[in-house]
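Heads up: the sequence shown is residues 1 to 142, going by our numbering.
Even glycine gets a Cβ: it sits at the ideal position worked out from N, Cα and C.
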Amino acid sequence: MWMKKSDIAIIILIALVYIVFYSNIVSSASVEGVSMYPIFQNGALTFYQSPTHITYHSIIIYRSPQLHTYVIHRVIRVDGTYYVTQGVDKISNPQPDNQIGLEPAPGVPSSDVIGKVTEIDGYVISIPYLGYLSILLSSLAR
Numbered sequence: 001m002w003m004k005k006s007d008i009a010i011i012i013l014i015a016l017v018y019i020v021f022y023s024n025i026v027s028s029a030s031v032e033g034v035s036m037y038p039i040f041q042n043g044a045l046t047f048y049q050s051p052t053h054i055t056y057h058s059i060i061i062y063r064s065p066q067l068h069t070y071v072i073h074r075v076i077r078v079d080g081t082y083y084v085t086q087g088v089d090k091i092s093n094p095q096p097d098n099q100i101g102l103e104p105a106p107g108v109p110s111s112d113v114i115g116k117v118t119e120i121d122g123y124v125i126s127i128p129y130l131g132y133l134s135i136l137l138s139s140l141a142r
């Protein structure tokens with residue numbers, strides 16, 4: 001007996017939901033803001049892994065002690081155990097984060113990095129609009 005395409009799609013969707021929400025393999029984060037446009041749109045849901053093998057051009061998620069929130073930005077310089085980051089949108093983010101006060105002067109210490117955004121063959125994995133639910137729920141909790 002052959003399965004319908006819709007049955008296969010449902011099985012894949014259930015597996016993805018399990019992987020995203022119940023495993024420690026991949027975690028998810030909501031994108032709030034436009035500093036990473038066009039890679040991420042405001043309200044997108046992206047996925048990240050443990051922060052290993054961070055290099056120039058990696059996209060990381062870090063805790064900003066200045067903003068008391070998380071920031072998703074691209075690494076533009078690696079200096080030992082510090083990462084200097086910047087958003088890709090040059091209008092909203094014309095300078096590196098350490099020059100505009102988002103991160104300490106030497107850069108983000110590796111201890112503040114919570115993850116590296118998941119890429120497959122150089123393409124960032126994100127789902128537009130799905131992050132709005134998380135953004136809405138976190139704003140209601142404040």
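In the three-state DSSP reduction, ALA29 falls in the strand class (E or B). DSSP, reduced to helix, strand and coil, places ILE91 outside both helices and strands of the structure shown, so it counts as coil. Shown here, SER126 sits in a strand according to DSSP, grouped into three states. For ASP97, no beta strand (DSSP E) segment is defined; the enclosing uninterrupted segment is the alpha helix (DSSP H) at 97-100. With a beta-carbon spacing of about 21 Å, SER35 and ASP79 fall beyond the 8 Å limit used to define contacts. Between the segment 83-99 and the segment 116-125, the count of C-beta pairs closer than 8 Å stays below three; the two stretches do not touch.
If you check the CB distance, HIS73 and THR55 do not come in under 8 Å.
Looking only at ALA44, TYR62, GLY33, the smallest Cα-Cα distance to SER50 is reached by TYR62. If you draw a straight line from the Cα of GLN66 to the Cα of GLU32, it comes to about 17 Å.
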